[in-house]
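Below you'll find the structure, written out as structure tokens, and then a few comments.
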Amino acid sequence: MINFLKKIRENALKKKKLKRYFSYAIGEIILVVTGILIALQLNNWNERRKLENRKELYVQLIISDLQSDLKDLETKISFAKQDSIKLSQLKNRISSSEATVDTLINIYRTDFNPRIASAVDYNTTTIDALEASGDINLFPPEIIAPLTNLQKRRRADFEYAVQNLEQYKLSINMVVKKFPAQGFHGSMAASSPMAKKVWDNIDEADFISDINGLITTKFITVQLYLTSTRIIEKKTKDVLEQLKLFSKNL
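In the numbering used here, the protein residues as written are -19 to 230.
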């Protein structure tokens, strides 16, 4: 079209028809400008489409991360709930009017499980990348706020859980050094001659105090763990639902 107008313009110039020449020159300019504007619009559209595609990819990655976290949370909460029930039963046995030192020895050596649910190692890679790159701003405020709040809460929860678990491990180590038993990492075999010698010469009052303290410490640690992880589980489910709804509207 531009070449066609150019030829007409050149012919008009040769025939000294200036009015016609300028008319076609203006038409040619308009076509060029229109072409540039269309190209810019297409480029802008392509850029917006790229951003939308990137945003959609981020959403799917975060959804996948949160779904994985939920499975981990559900598994560990279930373990902690069962642990809490067993600890309550042990505390009831210790508190029974029929309980003796032998009852406590049997609980410690055979029934007490020193294992405890570990801190949840949350999947934060995608959200970390969003925050570091600034791509978090691809999302509207109603998505950014719950995402960043959940991220902060999970970091704090992880640190809190690790601290509590470390305190519990210290309690175990102190007791195991004095009273060997099966199932405790690093403890001498409960059936060994050395272990028998320890058990034959225990201070009963000291033993009762230490074991009751250990069971109580674990019970409190488990309750704190359940409280914090249930809160995270609820917040994770809420954010997950928001993201799924947001994804449908992309």
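Cβ atoms here follow ideal geometry from the backbone N, Cα and C, with glycine treated the same way. Here the structure is a predicted model, which means the values were calculated and not measured.
Leaving out five residues before and five after residue i in sequence, what residues of the same chain have Cβ atoms less than 8 Å from its Cβ?
i: Phe138; result: Ala99, Val100, Asp101 and Tyr102
i: Ser48; result: Asn103
i: Arg73; result: Ala79, Thr83 and Ile87
i: Val39; result: Leu223, Phe226, Ser227 and Leu230
i: Glu122; result: Gln222
i: Tyr148; result: Ile96, Thr197, Lys198 and Thr201
Beta-carbon separation of residue i and residue j under 8 Å?
i: Val219; j: Leu67; result: no
i: Lys61; j: Leu206; result: yes
i: Arg89; j: Ala161; result: yes
i: Ile42; j: Thr106; result: yes
i: Leu118; j: Leu46; result: no
i: Lys157; j: Leu50; result: no
i: Ile188; j: Phe159; result: no
i: Leu130; j: Lys215; result: yes
Tell me, to the nearest whole angstrom, how far the beta carbon of residue i is from that of residue j; I am working on the premise that it is less than 8 Å.
i: Val142; j: Asp190; result: The Cβ separation is near 24 Å, so there is no contact.
i: Thr197; j: Lys56; result: Not really, about 19 Å apart at Cβ, beyond 8 Å.
i: Leu70; j: Ile212; result: Contact flag wrong, Cβ pair sits at about 27 Å.
i: Glu221; j: Val81; result: Contact doesn't hold; Cβ gap of about 53 Å is too wide.
Apart from the five residues just before and just after residue i, which ones in its own chain have a Cβ nearer than 6 Å to its Cβ?
i: Phe59; result: Ala97
i: Ser64; result: Val202
i: Phe199; result: Leu67
i: Lys176; result: none
i: Ile85; result: none
i: Pro120; result: none
Mark residue i as exposed unless 16 or more other C-beta atoms lie within 10 angstroms of its C-beta, in which case mark it buried.
i: Ala134; result: According to the sequence provided, residue 134 is Arg. The question's Ala does not apply to it. Buried, by the Cβ-count rule.
i: Ser113; result: exposed
i: Leu204; result: exposed
i: Ser151; result: buried
i: Leu127; result: buried
i: Leu37; result: exposed
Please go through the same chain and pick out, in chain order, the residues whose beta-carbon is closer than 7 Å to the beta-carbon of residue i, but skip the five residues on each side of it.
i: Lys(-4); result: Per-residue confidence for Lys(-4) stands at a pLDDT of 48, beneath the threshold of 50, marking its modelled position as unreliable; no derived number is given.
i: Leu110; result: Tyr38 and Ile116
i: Asn192; result: Ile74
i: Ile124; result: Ile116
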